[in-house]
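Note sheet for the following structure.
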Amino acid sequence: MRFARFAARRLAEMAATLLAASFVIFGAMYLAPGDPASFLLSGRSATPDAIKAINEQYHLNDPFAVQYLRWLGQVLQGDFGRSIEYRTSVSNLLAARLPTTLLLVAMALVLVMAAGLALGWIGAVRGGATDSTILVTTTVAVGTPSFVAAVLLQGLFAVKLHWFPSGGTGTGLLDTLWHLTLPAVALALYLIGMLARVTRSAMLEALGHEHVTVARSRGVPERSVILRHVFRNSLGTVLTMGGLIVSTLLICTVLVESAFSVDGIGQLLDLSTTTKDFPVVQAVSLIIVGLFMTVNLAVDLLHPLVDPRVTLGERRSAA
Amino acid sequence: MSTTTEPHASTGPDAALDIRGLRLNLPGTARPVLDGVDLTVAPRETVALVGESGSGKSLTSRSVLRLLPPGAVAEGRVLVEGRDVLAMNPGELRRLRTHTAAMIFQDPRAATNPLRRIGDFLTESLRLNAQVPAEEATERAVRMLDAVGLGDHVLRRYPGQLSGGMLQRVMIAAALMGDPTLILADEPTTALDVTTQAEVVGLLDDLRGQFGTGLLFVTHDLGLAAAISDRVYVMYAGRIAETGPAEELFQRPRHPYTRALLDSTPRLTAPRGRLAAIGGQPPSLRQELTGCPFAPRCRLATDVCTERAPALIPVADGNPQPHLAACHHSDQLTEVTADA
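Respectively, the protein sequence lines represent chains E and C. Start counting at 1 in the first sequence, then tack on 470, and there's your number in my numbering. Start counting at 1 in the second sequence, then tack on 731, and there's your number in my numbering.
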């Protein structure tokens, strides 16, 4: 019952947020300088007739409100319109490119979780020189934006060492994974540093609690103490961080996909923005907003599992 | 170790706990926090360790499980069932902590992990260290919960869903899980309200008899110490100031510090008025001690007190259990009367 009410409220919130986002996204394209018609004709002086034909095809002469409502109605029916640039339905474009992006983000997420948690754990538990080394390394990682990491990784592992391709997506699963490795590392690097530092400080904080001493005083082996009472108690922080990590990955994938010519929706967004392919920009933006909200919802739903003191729909401060 | 005249059965390898000349140095301090502590607990005996904050009473009890602060250097011997805790390897230490000696902590709320169920808390030490199967461990947990007056529904609860008194009962049950010969209770009632305190103390006393464990009860509450214990140790500045049978020690204290503590304890029978607080402060850890640590606050202090540290020597004869005090002027103290 409580879950049903919670779910209903969250779904209504999501719908309202998506609606607001759709308005902003549509409005931004409307306000941006330059118009699609002149770009389509790519600088050639067009006959007024041609421009008129394009404006009519895309209903560019209608008032803003009418354009927005027409677009919204189509989107609600799953129709994102036709791409001006690619001359095909936006849905087809997305269907072809979304899996690549999701795979890339998933790979990066696995890397971030594995490396970030491991480094944070080791730093907190070992201390001393190991901890200092990890702190310095992660500081450098946190200071390196993903597009810089992309260029550096390409230069080293693709151009110099030829271990990985410098770009492209590949065909078949293994080839795709191989192609996506460098982009995934570029995406993950900054977030690994971030997560390692957050995990480290959360574990250090948890280590200071008396129940950890009590567990030791009862003969619980040290590794179990760390796993069951220190790491376990840091999971709430890690989960919150996880939501932020996925959101950041979704944003940074735009830059990284462009840098590595990976044909995902990030690169599509980048290309479409420069070509004023507004149906595509709107669709991709909406999808990214939707993914954002799904991730946040997932984090909220998982929280009670990680901390029994948190119940759905209300949050008490964790002691 | 100057006292060789202890006829009591609590010495020797039979003792549940036998601390000999325990000295503990912490980094950044000018004097040892524990300075030659001798303390014994016989099987099935209840011993109270009394002192004010910072006297070293908690450190003494923690050293029995070798729960020492980082950087601490310990000398002397801490024998539990005849084996020296300070010399144990990690495996032996874990066995000691699981099966031989268990501690009940001051604040049960802080001592339990809020994210883990009570059942997990009770059984984890047996399951993870002694490799007792989960079902068997849970069975024992149910029996121990029953012994402390709680039902098995508590197993599924989280610490946040129980009251402080219930949680302290859970802590007592947890201490009994490994069937220990010695229970160390570190101010187990301080964080509880008064009615719950009485319950918990009564329960501890009951269970000690029922399970045949020795009990070292650390407290700053003299009334509680008198009520629960067979023998009492009074600690001051890391040393034992006085020890003896509970009744005798409180009737005829032979150390001015014990006397002053008794005088500053509120009583219903005492005339109204201000309580006699002990003037001054306990000595700082940053300062070396010469002579008797209590001398600066003592009304009986003379030159000898600041020159020479008093030894812990017998002050009364004709007892099966010795009454010792570390005071140069212990013969000047008079009996405490009901209206003193």
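Glycine included, every Cβ here is placed at the ideal spot set by N, Cα and C. Quantities reported herein were computed from a predicted structural model and do not represent experimental measurements.
Nearest-angstrom Cα distance between residue i and residue j?
i               : j              : result
A805 (chain C)  : W591 (chain E) : 30 Å
P635 (chain E)  : A474 (chain E) : 49 Å
T1072 (chain C) : L953 (chain C) : The question about residue 1072 (chain C) has no answer here: the residues shown for chain C are numbered 732 through 1071.
A584 (chain E)  : A578 (chain E) : 10 Å
Y500 (chain E)  : V724 (chain E) : 22 Å
S694 (chain E)  : N756 (chain C) : 30 Å
S492 (chain E)  : L542 (chain E) : 8 Å
S894 (chain C)  : V901 (chain C) : 10 Å
L488 (chain E)  : V494 (chain E) : 10 Å
I959 (chain C)  : R970 (chain C) : 22 Å
R888 (chain C)  : G782 (chain C) : 36 Å
L697 (chain E)  : T600 (chain E) : 19 Å
D936 (chain C)  : L705 (chain E) : 40 Å
A672 (chain E)  : I721 (chain E) : 26 Å
T831 (chain C)  : T683 (chain E) : 18 Å
E483 (chain E)  : G787 (chain C) : 58 Å
A1069 (chain C) : G909 (chain C) : Low confidence applies here, because A1069 (chain C) scores a pLDDT of 45, under 50, leaving its location unreliable; read the following figure in that light. Using only the alpha carbons, I get a separation of about 43 Å.
V726 (chain E)  : K630 (chain E) : 20 Å
M664 (chain E)  : F762 (chain E) : 19 Å
A841 (chain C)  : E680 (chain E) : 6 Å
I715 (chain E)  : L810 (chain C) : 53 Å
Going by alpha carbons, who is nearest to residue i out of the options?
i               : options                             : result
P1051 (chain C) : C:F852, C:L798, C:R962 and C:G813   : C:R962
T771 (chain C)  : C:I849, C:L992, C:G945 and C:V879   : C:G945
Y967 (chain C)  : C:A832, C:V764 and C:D877           : C:V764
S728 (chain E)  : E:D740, E:G543 and E:Y528           : E:D740
P919 (chain C)  : C:V949, C:G785, C:A1040 and C:V1035 : C:V949
A868 (chain C)  : C:S856, C:V879 and C:D877           : C:S856
V754 (chain E)  : E:G642, E:D601, E:G551 and E:R557   : E:G551
P1013 (chain C) : C:D994, C:L1031, C:Y988 and C:S995  : C:Y988
L481 (chain E)  : E:P774, E:P778, E:L767 and E:L631   : E:L767
F981 (chain C)  : C:T996, C:I971 and C:R970           : C:T996
S731 (chain E)  : E:R702, E:Y528, E:F617 and E:D747   : E:F617
G943 (chain C)  : C:G1010, C:L796, C:T912 and C:H1054 : C:T912
A916 (chain C)  : C:L881, C:D924 and C:A906           : C:A906
R1072 (chain C) : C:L799, C:A1040 and C:G752          : Outside the displayed range of chain C (732 to 1071) lies residue 1072 (chain C), so it cannot be described from this structure.
L677 (chain E)  : E:R596, E:I521 and E:P533           : E:R596
Counting only beta-carbon atoms, is residue i nearer than 8 Å to chain C?
i              : result
T683 (chain E) : yes
R785 (chain E) : Residue confidence for R785 (chain E) is low, a pLDDT of 44 falling below 50, so the modelled location carries little weight and cannot support an answer.
N703 (chain E) : yes
L772 (chain E) : no
H649 (chain E) : no
E675 (chain E) : no
P778 (chain E) : yes
H699 (chain E) : yes
S694 (chain E) : yes
R688 (chain E) : yes
P635 (chain E) : no
Excluding five sequence neighbours on each side, which residues of the same chain lie with their C-beta closer than 8 Å to the C-beta of residue i?
i               : result
A865 (chain C)  : T854 and R858
R1030 (chain C) : P987
E776 (chain C)  : S741, A747, G945, L946, D961 and R962
V769 (chain E)  : L709, T710, G712 and G713
R825 (chain C)  : N860
Between residue i and chain E, is there a C-beta pair that is closer than 8 Å?
i              : result
G891 (chain C) : yes
T974 (chain C) : no
L798 (chain C) : yes
I750 (chain C) : no
S856 (chain C) : yes
A841 (chain C) : yes
T829 (chain C) : yes
M819 (chain C) : no
R900 (chain C) : no
Got a sec? Which residues, its chain only, sit under 6 Å from residue i by beta carbon, not counting five neighbours each side?
i               : result
A1071 (chain C) : Because A1071 (chain C) carries a pLDDT of 38, less than 50, the predicted location of this residue cannot be relied on, and the following value inherits that uncertainty. Here the set comprises nothing.
A619 (chain E)  : A656 and L659
A1032 (chain C) : A1026
R814 (chain C)  : none
H773 (chain E)  : V780
CB-CB under 7 Å to residue i, same chain, minus the five flanking residues each way: which ones, in chain order?
i               : result
A490 (chain E)  : none
T669 (chain E)  : G586, L587, G590, W591, S704 and V708
R1028 (chain C) : I1009, G1010 and G1011
ask   = In chain order, which continuous runs of the alpha helix (DSSP H) of length 4 or greater are located wholly inside the region 662–712 of chain E?
value = 680–687 and 692–695
request  = Scan the region 843–908 of chain C and note each continuous alpha helix (DSSP H) run of 4 residues or more that stays entirely inside, going in chain order.
outcome  = 849–860, 865–878 and 895–907
query = Of all the beta strand (DSSP E) runs that stay within the bounds of the region 965–1026 of chain C, which reach a length of 3 or more residues?
reply = 970–976
ask   = Which whole runs of the beta strand (DSSP E) in the region 558–627 of chain E are 3 residues long or more, in chain order?
value = none
inquiry  = If we require 4 or more residues per run, which alpha helix (DSSP H) segments fall completely within the region 721–759 of chain E?
reply    = 735–744
key: Uninterrupted beta strand (DSSP E) stretches inside the region 933–957 of chain C (no shorter than 3 residues)   = 945–950
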